[in-house]
Amino acid sequence: MKKLIPSKIARGSAELAILALLDRRPLYGFEICRLIEENSGGTLRFSLASLYPMLYELEKRGWLTARWEANHEGRDRRYYRLTPEGKKHLAPLRQEWHAFFLALDRLAGVSLA
Amino acid sequence: MPEWKSIVRSNLKDLDLPLCEQKEIAAELASHLEDLYEQFLAQGLSEGEALQFTLEQTTPWQDLAENINRAKRKGDVMNHRTKTLWLPGLAAFASASILLMLLERFVYVRPTLWLNNGGVLVIYLSWWILLPLCGAAGAYLSRRAGGERSALLAASLFPAIVMLCVFAFVLPVSIVIERNRFVMQHPVYFLLAMVNWTVIPGLALLLGALPFLRQPRMIKP
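Here it is as structure tokens:
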């Protein structure tokens, strides 16, 4: 049986973006915002008001941990890391989105290929 | 350079979280705003424009505070005030009441509003001497739940505050509505009773809370 796509698409996409970035390396909030914007070519943008409540929620779920560390400029920043629990949730989230885009492609021809 | 921490703290007053957590959130959001402001300056914007664009990221502050509260507290059965004020306060009140009941049983004299015999005096004195333990319990529980200094103080003084409310309600009702002659003819007794049940216990409870009234330590920075 095929997996159903979760209804909260926008929220899910934001979670996926954050988890996928943190899967590469630890980042602090401002970096997360900047990288999401850069990597999506400016299509996806996070404001401070939308990013931090989500980071705190993911942290509360145990998917992320955070620790104050000095950045390359020597300033203290709160770095977020993906936990093993977060990694466990990232794989199915990727699969769900892959299935979602395949379905949209079949339905509306939205694929770039 | 704007004082980002002050800006965030003054605007995020609706955060209903432990003080140390509030400070950490303010520090984190301030560092984000600082980076964003510097990025706008590096892009050639004037200081005024950079400040305006930076602050647009946070509006409306009230919504941001609510979303943070919701994100941080999701899954909690009790809110912050219940954990830091009401429960510790009720614990202090219950322990003070149980202590008085035990003393009453031990001395075999029912306590009255004023000190009219030796047995009652023994009860009161013993109670006052032991009350700092109740104040300490209230303050400890509030501190453990992340309560700020005001919550800690209110929780430890809760038994005295409850009695003050009782007096503030009972005396006017007795005088104005019931026209109670005894109360009107013996105001000194009732003033003394108020001292015995609120002022002295309040001081004793405060004594127990004092070691816990240090400012909670902030995590970082």
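Chains as they are written, first to last, in my numbering: chain U, 1 to 113; chain P, 1001 to 1221. Heads up, the beta-carbon is just placed ideally off N, CA and C, and yes, glycines get one too.
Quick check: the Cα distance between F1040 (chain P) and A91 (chain U), rounded to an integer number of angstroms?
Along the second sequence, read from residue 1 onward, the residue named residue 1040 (chain P) stands at position 40. Along the first sequence, read from residue 1 onward, the residue named residue 91 (chain U) stands at position 91. If you take the alpha carbons of F1040 (chain P) and A91 (chain U), they lie about 36 angstroms apart.
Of the residues that make up the region 1017-1041 of chain P, which ones have a beta carbon closer than 9 angstroms to any beta carbon in chain U?
Residues E1024, I1025, A1027, E1028, L1029, S1031, H1032, L1033, E1034, D1035, L1036 and Q1039.
Please identify the residue among P:S1174, P:V1195 and P:S1156 whose C-alpha is closest to the C-alpha of L1141 (chain P).
Mapped onto the second sequence, residue 1141 (chain P) falls at position 141. Answer by Cα proximity: P:S1156.
Given this structure, state the Cα-to-Cα distance separating Y79 (chain U) from I1129 (chain P), to the nearest angstrom.
Mapped onto the first sequence, residue 79 (chain U) falls at position 79. Mapped onto the second sequence, residue 1129 (chain P) falls at position 129. If I take the Cα positions, the gap works out to 50 angstroms.
Is it right to say L1213 (chain P) is buried, meaning 16 or more other beta carbons lie within 10 angstroms of its own, or is it exposed?
Against the second sequence, residue 1213 (chain P) aligns to sequence position 213. When all chains shown are included, L1213 (chain P) counts as exposed.
Mind pulling the alpha helix (DSSP H) runs of 4 or more residues that sit fully within the region 38-112 of chain U?
Fully enclosed alpha helix (DSSP H) runs of 4 or longer: 48-61 and 84-108.
According to the neighbour-count rule (16 or more other Cβ atoms, all chains shown, within 10 Å of its Cβ), is G1202 (chain P) buried or exposed?
As a first step, residue 1202 (chain P) is located in the second sequence; it is residue number 202 there, counting from the start. That one is buried.
Does the beta-carbon distance from L1125 (chain P) to A1209 (chain P) come in below 9 angstroms?
Locating residue 1125 (chain P) in the second sequence gives position 125, counting from the first residue. Locating residue 1209 (chain P) in the second sequence gives position 209, counting from the first residue. No, the pair does not count as a contact, with Cβ atoms beyond the cut-off.
Excluding five sequence neighbours on each side, which residues of the same chain lie with their C-beta closer than 7 angstroms to the C-beta of L1207 (chain P)?
Looking up residue 1207 (chain P) in the second sequence gives position 207. P1132 and G1135.
What do you reckon, are the CB atoms on L1191 (chain P) and A1096 (chain P) nearer than 9 angstroms?
For this step, residue 1191 (chain P) is matched to residue 191 along the second sequence. For this step, residue 1096 (chain P) is matched to residue 96 along the second sequence. No, the pair does not count as a contact, with Cβ atoms beyond the cut-off.
Buried or exposed: I1219 (chain P), going by 16 or more other Cβ atoms within 10 Å of its Cβ?
Mapped onto the second sequence, residue 1219 (chain P) falls at position 219. Residue confidence is low: I1219 (chain P) scores 38 on pLDDT, short of 50, so the model does not pin down where it sits. Its coordinate-derived value is still stated next. Exposed, because fewer than 16 other Cβ atoms sit within 10 Å of the Cβ of I1219 (chain P).
Rounded C-beta distance between L93 (chain U) and E15 (chain U)? I'm assuming under 8 angstroms.
By 1-based counting over the first sequence, the position of residue 93 (chain U) is 93. By 1-based counting over the first sequence, the position of residue 15 (chain U) is 15. Indeed, because the Cβ distance is near 7 angstroms, the residues count as touching under 8 angstroms.
So, do the region 45-56 of chain U and the region 1056-1074 of chain P have three or more beta carbon pairs nearer to each other than 8 angstroms?
Judged by Cβ distances under 8 angstroms, the region 45-56 of chain U makes contact with the region 1056-1074 of chain P, as three or more pairs qualify.
Name the residues in the region 21-48 of chain U whose C-beta lies less than 9 angstroms from a C-beta of chain P; which are they?
Answer set for the region 21-48 of chain U: Y28, G29, F30, E31, C33, R34, S47 and L48.
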